[in-house]
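Enquirer: Under this note's numbering, the first residue of the sequence shown carries the number 80, and numbering increases by one thereafter. If you scroll down you'll find the structure; I have some questions about it.
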Amino acid sequence: MLSNKRSFRELEGNQDNLTPNKRNPSEEREALGDIEFDNRPSTPSIHNNVEDLSISEDIQKCLDIIKKGLSEPLVYGQTWYIIPKDWIINLESKASENESIQVDKINTYSLTNGKDLLPNLSIGDQIEIIPEDVNIKLNDWFGYQGPQIKRIVVKTSDIPNTERVELYPPTFRLLALTSQKPTTSPVSEQETTFDLSIDAPLSMLLGMSIATLYPDSLVDSSNVSQRARLWRIPDTTNSPLKIDTLYYLPNTQRDLIDTSNGSLKIYEAMLEDGGTFCLEVLDKFGNWPYNDYEQSVLDQPFGKSGFLDRLESKQSSNTKMMTRSQSSQKVKTKGLVGLQNLGNTCFMNSALQCLSNTSELSVYFLSGLYSKELNPDNPLGMSGQVAESFGQLVNKLWYGSSNSVAPREFKYTLSKFAPSFAGYGQQDTQEFLAFLLDGLHEDLNRIKSKPYTEIPDWEGGTDADVAKLAKTCWDLYKQRNDSIIVDLFQGQFKSTVNCPECDRVSITFDPFMYLTLPLPIQSKWNGSVYYIPYDYNKKRLRIDLELPSNASFKLMKNKISQIVDTNSNNLWVAEEYKGNLFKSFLDDELVSEMQSGDLCFVYELPIHIPQDRHEKIDRVFETNWVMFPVYSSTFKESSSLSGEVFGKPMLIALLRSDAQNYQKVYQAIIEKYLHFTKNDEALKKINIHSKDITLRHLEAPSNSYYSYRTSDVNTGRSNNIERNSKTDLKFRASIVENILKSTLLKKNEKNPVEHIEDVNKIDDQGDLEMKQDNSLQDQSIESLYENLETERQKSLSLIKFGEALVVEWKNDLAEEVFGDDLSSTGLWEQFDVIEDPQYVQSKQTSKSPKKGITIEDCLDEFTKEEKLGEEDLWYCSKCQKHQQATKKFDLWKVPDVLVVHLKRFASSRYNRDKLDQFVDFPIEELNIDDRVGEKQVANSIKLNGGNPVEVGIENSEEDAIYDLYAIDNHYGGLGGGHYTSYARNNESGEFYHFDDSYVSKVNEENVKTKAAYLLFYRKRTTRSIGGKARIDAEEQLKIDDATSSTMTADQVVSENESL
């Protein structure tokens, strides 16, 4: 179906303005069906029907419906609607009874530029998608201001759960092919542009194009795929497009698309990126105008300039895989063919060029030997399709006559099994390479039926026993995995874990396909945190800290507890913003995720309040304490809303029973205020019953409104708090007291009170119409509360965990107590400064010159012993508990082709960072012999007169020395940038720069840059790399060469005879 972009031509106008010129009626109806304008008045059920709490209740129901809709699974072919994320946030605010925010119609104008959907919109960030039934309800309740933007659910893979909403259908620009011959069909329009879903059939693309450009030739739409064809041409091509212009386009800029099967979907025809195309239709005699023109040029070979150049590349439209005997006889270095960028696919092109120049792998595919080892029935593979497509692409790169090829077939094949690569967004080249090598391995796995294997445990022993275990693990792995990829790329890691308590050592061996090396850069987080002791008589501190950039808030707590000598479990961390708590931080979140300028407050509490994401406990009733923040604001008697916030948030912790006593809550707060007042006497004179100061109660955050935050308490971020009896803590306290002393809580009462809000009849003075129990009148609130069952305590608590208080001050009184300028921070921000010794040392060290990083430094970092984090404990079978053990990785067996991944991208839960430092690496003679465990054990055995072969170590005389042959580079920052590659050509022995379609020679000394991301090394050895498969492949190529030479000689003889 037509995409919605086409219908955004005149959003400010009426529907008639949305109709482009020269469109047939069916096309117009379909386009207009994608967008609907809502001009009806707003629906009274939400906007005009109710006030106050009932609005919140109705809107909460709306939110529940929306949330349920958002969680529904995508079903292929369904229609979903796009709405602004801000509108949902606004609705959530309304549900939290924020009366200052008006919920208007759903404004979708903000999502367009007046014509198209704005680019780079992301679901969950700027927009949300809702199913059709939810959209109908929202339209009835609120209405739309702007078009209803609908999209369909598409699916480009047979893999389950790969359905997606097509936010941006591809855009197609079609140019008519004009010719002076009278036999060609007349052109109505020179070009047309429209959007089309990737799920639409190819026949629809052709039919819509013909209907606009060649309407007279559209007599019957049943066979359009046989009467029209497409040429992909550069986007810069102007109309009108003459036939000679198309003919003389460079070979790399003109690509004939196979449109013979009109039932193919757009994505199946590999056109999901859209683009600019030339539409060619048959003439009146059923001939292709382009073919006639080409023949006319061939009939007079020297009559047109550029003919000889054109003749050399005339095989460009041949989409079949070329064999060696069919390749061009032009003398040039093989393997120097570029890969066209299909739209941010440089990540794929750079990796493919590195693999193409892995000569052992290319020979294997060019010989055709891979076809004999295909394993299409492997359930872990890709039906052999990825290997087949890769083989065809390699053949084009080495024996094609073009300067560049478009890897559409390969990308389409890969996308069927990896939906993440289906689009045209930028991806990580290392992730692509890992997926491709794994896919090739499974497609070419020589093991047809994988046996069950069980890896033995390390029971201790000598180095020889370690070698035997490694050999056993490798043999077991090879029983299930045996392919050219294993032969070339796979080695073996040794992992050693030590228990700190019982000294148990665990040794395991695992295969690897690439070596990921961390850069030894001590990335640090430097910042200030504000420590608030629970005893306000102690000093409040600003602590300048330095922590690893990947340090968690748990680590920060541990560090602060050492500096101030307190229990880290009793520290509670939150961000302060304009007198409120913006959010609290969970223990496993990273300190580096705080933004510059964020104020981090670390509160000491007399109890442990968990900030653990995984700790599922009732934080109030498990601890027997209640903790709540206290905010400060002013008010004016003439206003029904709170005034400006001032000061800083305070944290109060009380026993649960004490927290039910209003006087104790009030007194605890006043004691905190005494440390910030400029007039102690004025504060002490305030009577608890004074109307100049009011404690307002704030409910705990609702799950819906706070679903995207980490706050556990009410942040108090809204200044517009209702000033009524419902929020007055003193009034609520009187309700609690009267309930506790009434007969309502007795089990034989017909309607026992379950919650404070269950008391319905309250007069203006707050006296409750409930029957009092005379036997309870003399008991304290605390004792009455403690006598309740736990569940009843929860429902009748005056204040619970997650709730908060706002202390409202009459403006004149606040200025008398805290000073005339309440906006001034005053005593609230008086902190003594402490600098962490590590922070001081780091400042001094940063002034000294920095040394460069080498690949040896990265290897040292990789093999460095490290202590496991508290969130990544290891289970010791001897101690029978989880331990914070030490772990060390070593190289045990190294492959013939070593792919080194320099870990330049550091990621956390919410952000990523790129390390752009230059890493020095050798082009020749990378010697890691002393780092290979297998080699070290073999040397040790030989020194003691033993034979390494007896413990399973082969080729022990061979040194682990490597030479560089390819580099995959990444330029730019996160979420974008550009990938290129350098590779040494096996024929010429020289390095070349592969930048998508462009290939150029480069000096060897210039290939080392700070953009190096993946390094490809080949081992120096006298044996044939790649095992028996390599030998067989080379023999096959010799046969092909002989056959090709014979065929060429025969052709020459035949041509001479004909002359």
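Note that CB positions come from ideal geometry on N, CA and C, so glycine has one too. Keep in mind that this is a model prediction, so the values were computed, not measured.
Name the residue from L977, Q959 and E1036 whose alpha carbon lies nearest to the alpha carbon of L567.
Expert: As a first step, residue 567 must be located in the sequence shown, where it is residue number 488. Minimum Cα distance to L567 is reached at L977.
Enquirer: Taking one C-beta from the segment 227-235 and one from the segment 275-284 each time, how about it: are there three or more such pairs within less than 8 Å?
Expert: yes
Enquirer: Look up P294 in the DSSP assignment and say whether it is helix, strand or coil.
Expert: On the sequence shown, residue 294 is found 215 positions in, with the first residue counted as 1. In the structure shown, P294 sits in a helix (DSSP, three-state: H, G or I).
Enquirer: According to DSSP, P1001 sits in a beta bridge with which residue or residues?
Expert: Working through the sequence shown from its first residue, we reach residue 1001 at position 922. Answer is none; P1001 lacks a bridge partner.
Enquirer: In this structure, what does DSSP give as the bridge partners for Y1171?
Expert: The requested residue 1171 is not part of the displayed model; the chain covers only 80 to 1138.
Enquirer: For the segment 858-871 and the segment 721-733, state whether three or more C-beta atom pairs, one from each stretch, are separated by less than 8 Å.
Expert: no
Enquirer: Compute the Euclidean distance between the alpha carbons of W477 and K495, then round it to the nearest angstrom.
Expert: Counted from its first residue, the sequence shown places residue 477 at position 398. Counted from its first residue, the sequence shown places residue 495 at position 416. Those two C-alpha atoms are separated by around 26 Å.
Enquirer: Can you grab the Cα-Cα spacing for the pair V1016 / D542, in whole Å?
Expert: In the sequence shown, the residue the question calls residue 1016 occupies position 937. In the sequence shown, the residue the question calls residue 542 occupies position 463. Distance between the alpha carbons of V1016 and D542: 6 Å.
Enquirer: How many angstroms separate the CA atom of S135 from the CA atom of C141?
Expert: To locate residue 135, count along the sequence shown from 1; it is residue 56. To locate residue 141, count along the sequence shown from 1; it is residue 62. Bear in mind that a pLDDT of 48 at S135, under 50, signals an unreliable position, so the model cannot answer this.
Enquirer: Thinking C-alpha only, which one of E625, R983, S712 and I526 is nearest Q996?
Expert: As a first step, residue 996 is located in the sequence shown; it is residue number 917 there, counting from the start. Selected option, being the one with the closest Cα: R983.
Enquirer: When DSSP builds the beta bridges, which residues end up paired with P210?
Expert: Stepping through the sequence shown from its first residue, residue 210 is reached at position 131. Its beta-bridge partners are W159.
Enquirer: Please state the DSSP three-state secondary structure of G148.
Expert: Translated into positions along the sequence shown, residue 148 becomes position 69. DSSP places G148 in helix when its eight states are reduced to three.
Enquirer: According to DSSP, is K321 helix, strand or coil?
Expert: One-based indexing of the sequence shown puts residue 321 at position 242. In the structure shown, K321 sits in a strand (DSSP, three-state: E or B).
Enquirer: Which residues share a DSSP beta bridge with V709?
Expert: Here residue 709 corresponds to residue number 630 of the sequence shown, with the count starting at 1. V709 pairs with M729 and L884.
Enquirer: Given R525, which residues of its chain have a CB within under 7 Å of its CB, disregarding the five upstream and five downstream residues?
Expert: Translated into the one-based positions of the sequence shown, residue 525 becomes position 446. Hits under 7 Å: E452, D561 and S562.
Enquirer: DSSP on R306, reduced to helix/strand/coil?
Expert: Translated into the one-based positions of the sequence shown, residue 306 becomes position 227. Residue state, collapsed to three classes: helix.
Enquirer: Report yes if the CB atom of Q909 is closer than 7 Å to the CB atom of C578, and no otherwise.
Expert: Within the sequence shown, the letter at position 830 stands for residue 909. Within the sequence shown, the letter at position 499 stands for residue 578. Against a cut-off of 7 Å, the Cβ pair of C578 and Q909 comes out as no contact.
Enquirer: Considering only C-alpha positions, which residue in the set N457, S876, G1031 and T1059 is nearest to K527?
Expert: Along the sequence shown, one-based indexing puts residue 527 at 448. Ranking N457, S876, G1031 and T1059 by Cα distance to K527 puts N457 first.
Enquirer: Where do the ends of the alpha helix (DSSP H) carrying N474 lie?
Expert: Counting from 1 along the sequence shown, the entry for residue 474 is found at position 395. Element bounds for N474: Q464 to Y478.
Enquirer: According to DSSP, simplified to helix, strand and coil, what is V584?
Expert: The count along the sequence shown starts at 1 and reaches residue 584 at position 505. Reduced to three states, the DSSP call for V584 is strand.
Enquirer: Secondary structure at N605, three-state DSSP: helix, strand or coil?
Expert: Locating residue 605 in the sequence shown gives position 526, counting from the first residue. Of the three classes helix, strand and coil, the one that applies to N605 here is strand, per DSSP.
Enquirer: Pick out whichever of T492, K173, I202 and I206 has its Cα sitting closest to the Cα of S189.
Expert: For the purposes of this step, residue 189 is taken as the residue at position 110 of the sequence shown. Among T492, K173, I202 and I206, the Cα nearest to that of S189 belongs to I206.
Enquirer: According to the neighbour-count rule (16 or more other Cβ atoms, all chains shown, within 10 Å of its Cβ), is A1045 buried or exposed?
Expert: Here residue 1045 is taken as the residue at index 966 of the sequence shown, counted from 1. Counting other Cβ atoms within 10 Å of its Cβ, A1045 reaches 16 or more and is therefore classed as buried.
Enquirer: Per DSSP, Y752 is paired with what?
Expert: Walking along the sequence shown from the start, residue 752 turns up at place 673. Paired residue(s): none; Y752 is not in a bridge.
Enquirer: Using only alpha-carbon positions, find the residue among K146, D137 and N423 that is nearest to F500.
Expert: Against the sequence shown, residue 500 aligns to sequence position 421. Distance from the Cα of F500 is smallest, within the candidate group K146, D137 and N423, for N423.
Enquirer: Could you check where the alpha helix (DSSP H) with H520 kicks off and where it finishes?
Expert: The sequence position of residue 520 within the sequence shown is 441, counting from 1. T508 to D522 is the extent of the alpha helix (DSSP H) around H520.
Enquirer: Is it right to say Q432 is buried, meaning 16 or more other beta carbons lie within 10 angstroms of its own, or is it exposed?
Expert: Translated into the one-based positions of the sequence shown, residue 432 becomes position 353. Classification of Q432: buried, given that the 10 Å Cβ count is 16 or more.
Enquirer: Going by the DSSP bridge assignment, what does T965 pair with across the sheet?
Expert: Numbered from 1 along the sequence shown, position 886 holds the residue referred to as residue 965. According to DSSP, T965 bridges with N577 and K946.
Enquirer: Looking at the strands, I want to know which residues DSSP matches up with K1080.
Expert: Taking the sequence shown and counting its residues from 1, one reaches residue 1080 at position 1001. DSSP lists Y1071 as partners of K1080.
Enquirer: Go ahead and pull the three-state DSSP assignment for C425.
Expert: Counted from its first residue, the sequence shown places residue 425 at position 346. In the structure shown, C425 sits in a helix (DSSP, three-state: H, G or I).
Enquirer: Looking only at C-alpha atoms, which of P329, P294 and V576 sits nearest to A964?
Expert: As a first step, residue 964 is located in the sequence shown; it is residue number 885 there, counting from the start. Considering only alpha carbons, the answer is V576.
Enquirer: Please return the same chain residues whose Cβ sits closer than 6 Å to the Cβ of K475, not counting the five positions on each side in sequence.
Expert: Numbered from 1 along the sequence shown, position 396 holds the residue referred to as residue 475. Around K475: V484.
Enquirer: Can you tell me which residues form a DSSP beta bridge with L734?
Expert: Start at 1 with the first residue of the sequence shown, and residue 734 comes out as number 655. Per DSSP, W704.
Enquirer: Can you give the Cα-Cα distance for L361 and K260, rounded to whole angstroms?
Expert: Translated into the one-based positions of the sequence shown, residue 361 becomes position 282. Translated into the one-based positions of the sequence shown, residue 260 becomes position 181. Cα to Cα, the separation comes out at about 12 Å.
Enquirer: If contact is defined by three or more beta carbon pairs under 8 Å, each pair taking one atom from either stretch, is the segment 1014-1033 in contact with the segment 542-551?
Expert: Yes: the two stretches touch, three or more of their Cβ pairs being nearer than 8 Å.
Enquirer: Return the bridge partner residues of Q1184 from the DSSP annotation.
Expert: The structure shown does not extend to residue 1184, since the chain spans only 80 to 1138, so no value can be given for it.
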